[in-house]
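>
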Amino acid sequence: MNKICLIAIVLSFTLFDISSNALAVERNSNIIIEAPYVRASIPGTDITSAYMSIENKNNEAIILTGVSGLFADRIEIHQHTMSNGMMKMRQVEQLVVNEQSKVILQPMGYHLMIFNVKKALLPEEEVSLTLHFKQQKDLVITIPVQSIKQEKPAKKQHHHH
Ligand SMILES: [Cu+2]
97 MNKICLIAIV LSFTLFDISS NALAVERNSN IIIEAPYVRA SIPGTDITSA YMSIENKNNE
157 AIILTGVSGL FADRIEIHQH TMSNGMMKMR QVEQLVVNEQ SKVILQPMGY HLMIFNVKKA
217 LLPEEEVSLT LHFKQQKDLV ITIPVQSIKQ EKPAKKQHHH H
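Heads up: the sequence shown is residues 97 to 257, going by our numbering.
#1: Taking contact to mean at least 3 C-beta pairs separated by less than 8 Å, is the stretch 165 to 173 in contact with the stretch 213 to 222?
#2: Starting from the Cα of residue 176, find the closest Cα among 157, 158, 129 and 209 and give me that residue.
#3: On the three-state DSSP scale, how would you describe residue 244?
#4: Is there contact here, the stretch 145 to 159 with the stretch 176 to 193, by at least three beta-carbon pairs under 8 Å?
#5: Would you kindly check if the distance between the Cβ of residue 188 and the Cβ of residue 149 is under 9 Å?
#6: Taking only three categories from DSSP, how would you classify residue 152?
#7: Spatial neighbours of residue 183 within its chain, please: CB distance less than 6 Å, with the 5 preceding and 5 following residues excluded, ordered by chain position.
#8: Tell me the DSSP secondary structure of residue 103 in three-state form.
#9: List in chain order the residues whose CB is within less than 5 Å of at least one heavy atom of ligand 1.
#10: In terms of residue numbering, what span does the beta strand (DSSP E) encompassing residue 211 cover?
#11: I need the DSSP call for residue 235, collapsed to helix, strand or coil.
#12: Can you list, in chain order, the residues of its chain with a C-beta nearer than 7 Å to that of residue 185? Leave out the 5 residues immediately preceding and following it.
#13: In chain order, what residues of the same chain lie with their CB nearer than 8 Å to the CB of residue 229, ignoring the 5 residues before and after it?
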C-alpha cells in the first residue's frame, strides 16, 4: 500500500448515527466501534464508565493500550471477574481484539472506568474519547451519554472467524 492510499483511508473516517437509540458506528482502518455510550453521572460522584463493541476487521490482532478524554482526568480499561462468589473489578493493561473478531465492553464485563469527570455528564450530551492502539493510529470517537435506564441487557460475546 502506498502512502497516498494510506492517508486516504485515515481521512475517510466517518461517523454514522444510524438509529434513534444512539447507536453510533465509527470506522478507521478496519476498526469498527459500535453502540458506544458513557453512563450519565450519578449525582455526587465523579466516576463513571463507558461501553462499546470493538470489531477488528484486520487480518492481525489489534491491541487497545489506553483511552483518554479531555472531560476526565483518567480512564482505565477494567474487567469484572468473579472471585469467591464476589464480583470484583481489576484494571487490565491492554485489551486484545483478535483478527476478524469483536470484543464487547458491557456492564459486568470489560468496561472503561472513567475517573474525575470534570463536570457531571447528563443524558443527551456527548463526549469525545481517544482510543490508543499499539500498532494502529489513535481512533477518536464521539459517544453519547446515557442514563442507566436506557441500557439494553448485556449481549453475548461473539467471535467471527
Ligand atoms: Cu471498573
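Backbone N, C-alpha and C fix where the C-beta goes; we use that ideal spot for every residue, glycine too.
Quick answer:
#1: yes
#2: 209
#3: helix
#4: yes
#5: no
#6: strand
#7: 176
#8: Its pLDDT being 39, under 50, residue 103 is placed unreliably in this model, and the value from its coordinates should be taken loosely. Correct three-state label for residue 103: helix.
#9: 174, 185 and 209
#10: 206 to 213
#11: strand
#12: 174, 175 and 176
#13: 127, 158, 159, 160, 161 and 235
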